[in-house]
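With the UniProt record's numbering, letter number 92 in the sequence shown gets 92, and the count goes up by one each step, no holes. Quick reminder that beta carbons are idealized off the backbone N, C-alpha and C, glycines included. A quick note: this is a predicted structure, and the numbers were derived from the prediction, not measured.
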Amino acid sequence: MNPRAVRTVRFVLTGLGNVGVPLLEILQSRASLLMERYRLELLPVGLADSGGAAVSPNGLDVAAVLAVKRAKHSVASLPVVGRPGMSGCQLVREVKADLLLEATPTSFKDGQPGLDITRDALSRGMAAVLASKGPLVLGFQELAGLSDLESPGRPPLRFSAAVGASMPLVNVGRRDLALGKLGRFEGVLNSTSHLLLCRMAEGKTYEAALAEAQALGIAETDPTLDVDGWDSAGKLVILANAVMRVPTALKDVSVTGMRGVTRAQLDAAKARGGQVLLLARGEPLGADRWEWSVRPTAVDASHPLARLGAMEMGAVFRSDLHGVNTVINGEQGARGTGAAMLKDVLEIFPD
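Dropping the structure here:
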């Protein structure tokens, strides 16, 4: 038996949808490995969804929670521990925990409810791990100031899952390319729009390609954020602030979606050994000035992302010290997002 003492980390999870439920499933299946390898117990003491919350200072039964969610009910319906109507903000303010896992639906209009939830958690001394992009797109500078990102000793804030899911863009850019002067960044950061472009290049209509993406569960019923480029733009804003360390807002990004791409453009790119990508790009202009854009871009065979598969996302970092680094990741959906959140948890609570 490993002589190291077991560490118990009490957590609250806000959002029990496409990300929160798979996250709990991973926790359930890997609990013994967490204990064996890291001597770590992650204990859920509060969970919130759109119908309310469930609270227990002694830890909630994850199997019971998953059963309720699979039956399409709120955790607030659980006997004894259910709290009908309790919001994520109330949960964070009223329940004592070490860690917030934030996975509520994202909003680029006001960042809510995730922004208030994260702000309150950090202010109460909780570490915070985010999958939701909205709080970071709308409030990065504020949240960084409340956390260890700007002030060592303050609560940790991590958000790998908000940018590329299991593709480790934040860690590569912020940690692995440390001290390098970053040059042009290019990335395919949205799986739905990329799948659509690939299928359209194969001859499918936009409507048929979208139906496939929705059947696979990677596209929402309303795919506007994906196909019009705003999801990619939000992720680019987070990278700009966190990795390039340039204060950047969504309004600073020039955004063109992929709906206007023609078959002729797709065929021309294919003839050159490349493809059309909905490419997020950051171009340094000097003196901490950058140009940010998301737009359909034809790349030829020489581009590092030219052969990106239909179910892949990828990015290219350029650094004067580290050269050209290309990261490519196969689509893992919500499971990959949950895995990225747990990776951040292990960084905060190392063995």
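Who are the near neighbours of Asp344 in its chain, counting only those whose CB is closer than 6 Å to its CB and skipping five residues on each side? Val129, Arg158 and Ser160.
Can you tell me whether Leu346 is buried or exposed, with buried defined as 16 or more other CB within 10 angstroms of its CB? Leu346 comes out exposed.
With a threshold of 6 Å on Cβ separation, who are the neighbours of Thr297 within its own chain once the five nearest residues in sequence on each side are excluded? Cβ contact annotation for Thr297 (same chain, cutoff 6 Å, sequence separation greater than five): Leu277 and Leu279, in chain order.
Closest Cα partner of Leu195 within the set Leu216, Arg184, Ala268 and Leu78: For the residues Leu216, Arg184, Ala268 and Leu78, the minimum Cα distance to Leu195 belongs to Leu216.
Reducing DSSP to helix, strand and coil, say where Met1 ends up. Residue placement at Met1 is flagged as unreliable, the pLDDT there being 44, under the threshold of 50; a coordinate-derived value is accordingly withheld.
When the distance is taken between beta carbons, is Gly111 closer than 8 Å to Pro135? The beta carbons of Pro135 and Gly111 sit closer together than 8 Å.
What's the call for Ala301, buried or exposed, on a 16-neighbour Cβ count within 10 Å? Exposed, because fewer than 16 other Cβ atoms sit within 10 Å of the Cβ of Ala301.
From which residue to which residue does the alpha helix (DSSP H) around Leu138 run? Per DSSP, Leu138 belongs to the alpha helix (DSSP H) from Gly134 to Gly145.
At what residue ranges does the stretch 24-58 contain a whole run of the beta strand (DSSP E), taking only runs of 3 or more? If we require 3 residues or more, the beta strand (DSSP E) runs fully inside the stretch 24-58 come out as 40-49 and 52-55.
Is it the case that the Cβ atoms of Val75 and Gly52 are separated by a distance below 8 Å? Against a cut-off of 8 Å, the Cβ pair of Gly52 and Val75 comes out as a contact.
Does the beta-carbon distance from Gly338 to Val12 come in below 8 Å? Gly338 places its beta carbon 8 Å or farther from that of Val12.
Rounded C-beta distance between Thr336 and Val327? I'm assuming under 8 Å. Sequence check: residue 336 is Gly here, not Thr. In fact, because the Cβ distance is near 13 Å, the residues do not count as touching under 8 Å.
Grab me the residues of Arg4's own chain with a C-beta within less than 8 Å of its C-beta, minus the 5 sequence neighbours each way, in chain order. Correct list, in chain order: Arg39 and Asp351.
Suppose you measure from the CA of Val324 to the CA of Leu236; what does that come to, to the nearest Å? Cα to Cα, Val324 sits roughly 18 Å from Leu236.
Cβ distance (whole Å) where Gly139 is taken to contact Leu100 below 8 Å: So it is not a contact: roughly 15 Å between Cβ atoms.
Based on the DSSP output, what are the partners of Met313 in its beta bridges? Per DSSP, Asn329.
Cα-Cα, which of Gly282, Pro22, Pro223 and Ser32 is closest to Ser191? If we check each option's Cα against that of Ser191, Pro223 comes out closest.
For Thr14, report the span of its beta strand (DSSP E) as first-last. Note, Thr14: beta strand (DSSP E), Arg7 to Thr14.
Gly17 and Lys133 look like a contact to me (Cβ under 8 Å); what is the Cβ gap, rounded to whole Å? The distance from the Cβ of Gly17 to that of Lys133 is about 14 Å, inconsistent with a contact at the 8 Å cut-off.
Gly187 in three-state terms, based on DSSP: Looking at Gly187 - three-state DSSP - the assignment turns out to be strand.
Determine the DSSP secondary structure at Ala280, reduced to helix, strand or coil. Here Ala280 sits in strand by DSSP.
Between Leu185 and Gly282, what straight-line distance do the alpha-carbon atoms span, to the nearest angstrom? Here residue 185 turns out to be Phe, not Leu, going by the sequence shown. Whole-angstrom Cα-Cα distance: 5 Å.
Test item: CB-CB of Ala219 and Asp226 under 8 Å: Yes, the pair counts as a contact, with Cβ atoms nearer than the cut-off.
Nearest to Arg307 by CA position, among Gly330, Asp176 and Ala287, is which residue? Nearest C-alpha to Arg307 among Gly330, Asp176 and Ala287: Gly330.
Sub-8 Å separation of Val45 and Ala97 beta-carbons: Contact flag set, yes.
Flag this pair as yes or no: are the beta carbons of Gly164 and Glu102 separated by less than 8 Å? No, the pair does not count as a contact, with Cβ atoms beyond the cut-off.
Could you work out which residue in Gln275, Pro304, Val316 and Thr118 is closest to Arg93 when comparing CA atoms only? In terms of Cα proximity to Arg93, the closest of Gln275, Pro304, Val316 and Thr118 is Thr118.
Let me check understanding here. Comparing Cα to Cα, which of Gln28, Ser32 and Phe108 lies closest to Ile63? Just to set this straight, residue 63 is Ala in the shown sequence, not Ile. If we check each option's Cα against that of Ala63, Gln28 comes out closest.
Check whether Leu197 and Met258 have beta carbons under 8 Å apart: Yes, they are a contact pair.
Residue from Ser87, Met86, Pro57 and Ala48 whose Cα sits closest to the Cα of Val68: The option with the nearest alpha carbon to Val68 is Ala48.
Give me the DSSP bridge partner(s) of Gln275. DSSP lists Val299 as partners of Gln275.
Which residue wins for smallest C-alpha separation from Tyr206, given the options Pro152, Gly180, Asp252 and Thr262? For Tyr206, the closest C-alpha among the options Pro152, Gly180, Asp252 and Thr262 is that of Thr262.
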